[in-house]
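Visitor:
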Amino acid sequence: MRPARTAVIVPAAGRGERLGPGTPKALRSLAGQPILLHAVRAVAAARGVDMVVVAAPEDAIDETRGVLSGIEHDAQLVVVAGGETRQDSVARALLALPPDVDVVLVHDAARPLVPPEVVDRVVGAVRAGADAVIPVLSVVDTIKEVDGQGDVVHTLERGVLRAVQTPQGFRRDVLQQAHAASDGADATDDAGLVEGQGVVVATVPGAEEAFKITRPLDLVLAEAVLARRRASDGVG
Ligand code: CTP
Ligand code: MG
-2 MRPARTAVIV PAAGRGERLG PGTPKALRSL AGQPILLHAV RAVAAARGVD
48 MVVVAAPEDA IDETRGVLSG IEHDAQLVVV AGGETRQDSV ARALLALPPD
98 VDVVLVHDAA RPLVPPEVVD RVVGAVRAGA DAVIPVLSVV DTIKEVDGQG
148 DVVHTLERGV LRAVQTPQGF RRDVLQQAHA ASDGADATDD AGLVEGQGVV
198 VATVPGAEEA FKITRPLDLV LAEAVLARRR ASDGVG
C-alpha cells in the first residue's frame, strides 16, 4: 500500500435546512443514491487522492459508513463525527489525518457532481507550489451591496468577481494553522480562514457541474445532469 499523501475532507454533517425538512442533505437521494455517495465517488476518482475523510452527521455515523461501504476505489476511507458548524466539521476531520498527509482538499458533500478534472486541477496547483487554491467561475448576475433596509449601497464591478466552489486545496500546515487561529468563527469557506492569515489564495477554473445543491431546484438540475451523463455514456 502506498502512503497516504493527499487527503480530501468531505464535510457532510449539515442538516440541509434550505432543501426542506427530511434526512440530512448528504444522505438524501439523488438518482437513487445518497448525495454523499456521488460526492465521495467523484473525489476518489481523481488522480492522486489517497484518502477521503467524511465528517458525518453525529446521529448518522453508522448509516454513513453503511452508505459508503459499497463503493470501489483505491483511496482509504474514514468517517468521523461532524460538528455544529461546517468549520467545526472540517476541524474534526483534520484531527483524523495521519502524519504523512501533506496536501488537504476540502470538498462539500453538497457538490456531488464535481468533475474529477477539477479535483485534479486543485491537487496539481498545490503540488506545484501554491499554499491555497480554489476553483472559481465568473459571475453571471450583477451583484449589488444593500443596507439594512434593503436599499442598494453600490453595484460591484462584475468583471473582477468570482463565484467560489470546492474542492479547495491547501498545504496541510497552512490549513491547520488557519483553523487553529480561528477557533470559534463560522466560516462557510476554508479559503476565507486562510486569507485571514495573510496567505495568498490562487484560483483555477471551476466547472458548472460542481454547483452546490442548496435549494430544491438544485436537485432537479442535478438529476438532469446525471440523466445527460447517462445518455452520453450510452447507459439507461
Ligand atoms: N456541513 C457540515 N457540518 C455542518 C454544516 C454543514 O459538514 N455543521 C457541510 C454540509 O453537509 C455541506 C457543506 O458543509 O456538504 C456545505 O454546507 P451547506 O450547503 O450550507 O449544507 P447544509 O448546512 O447541510 O445546508 P443548510 O445550510 O441549508 O442547512
Ligand atoms: Mg449550511
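If you're matching positions, the sequence shown starts at -2 in the working numbering and goes up one per residue. Cβ atoms here follow ideal geometry from the backbone N, Cα and C, with glycine treated the same way.
From what residue to what residue does the beta strand (DSSP E) around I6 run?
Guide: Looking up residue 6 in the sequence shown gives position 9. I6 -> beta strand (DSSP E) spans T3 to P8.
Visitor: Is the distance from the Cβ of A188 to the Cβ of A107 below 8 Å?
Guide: As a working note, residue 188 is residue 191 in the sequence shown. As a working note, residue 107 is residue 110 in the sequence shown. Result no, Cβ atoms of A188 and A107 do not sit closer than 8 Å.
Visitor: From M48 to D144, what does the alpha carbon distance come to, in whole angstroms?
Guide: The sequence position of residue 48 within the sequence shown is 51, counting from 1. The sequence position of residue 144 within the sequence shown is 147, counting from 1. Approximately 44 Å between the Cα atoms of the pair.
Visitor: Among L172, V100, I210 and Q194, which residue has its Cα nearest to the Cα of V123?
Guide: One-based indexing of the sequence shown puts residue 123 at position 126. Comparing Cα positions, the closest option is V100.
Visitor: In chain order, which continuous runs of the beta strand (DSSP E) of length 3 or greater are located wholly inside the segment 173 to 208?
Guide: Within the segment 173 to 208, the complete beta strand (DSSP E) runs of at least 3 residues are 198 to 202.
Visitor: In angstroms with no decimal places, state the Cα-to-Cα distance between L65 and A182.
Guide: If you number the sequence shown from 1, residue 65 lands on position 68. If you number the sequence shown from 1, residue 182 lands on position 185. If I take the Cα positions, the gap works out to 30 Å.
Visitor: Looking at R83 and ligand 2, is the gap between the Cβ and the nearest heavy atom below 7 Å?
Guide: Position 86 of the sequence shown, counted from the start, is the residue given in the question as residue 83. Yes; taking the cut-off as 7 Å, the Cβ of R83 has a heavy atom of ligand 2 nearer than that.
Visitor: Let me check you understand the geometry: is the CB of G126 closer than 7 Å to at least one non-hydrogen atom of ligand 2?
Guide: Numbered from 1 along the sequence shown, position 129 holds the residue referred to as residue 126. No, Cβ of G126 sits at least 7 Å from all heavy atoms of ligand 2.
Visitor: Less than 7 Å between the CB of G16 and some heavy atom of ligand 1, yes or no?
Guide: As a first step, residue 16 must be located in the sequence shown, where it is residue number 19. Correcting the residue type first, residue 16 is Leu in the shown sequence and not Gly. Yes, ligand 1 has a heavy atom inside 7 Å of this Cβ.
Visitor: Beta carbon of V120, beta carbon of A204: below 8 Å?
Guide: Stepping through the sequence shown from its first residue, residue 120 is reached at position 123. Stepping through the sequence shown from its first residue, residue 204 is reached at position 207. Not a contact, by the Cβ cut-off of 8 Å.
Visitor: Kindly list the residues whose CB is nearer than 8 Å to the CB of Q162, restricted to its own chain and excluding five residues on each side of it in sequence; keep chain order.
Guide: One-based indexing of the sequence shown puts residue 162 at position 165. Excluding sequence neighbours, Q162 sits near R108, V111, V115, I131, P132, V133, L134, G203, A204, A207, F208 and K209.
Visitor: Could you check which residue in D148, G147 and R169 has the C-alpha nearest to that of D97?
Guide: Start at 1 with the first residue of the sequence shown, and residue 97 comes out as number 100. Measuring from the Cα of D97, the nearest candidate turns out to be R169.
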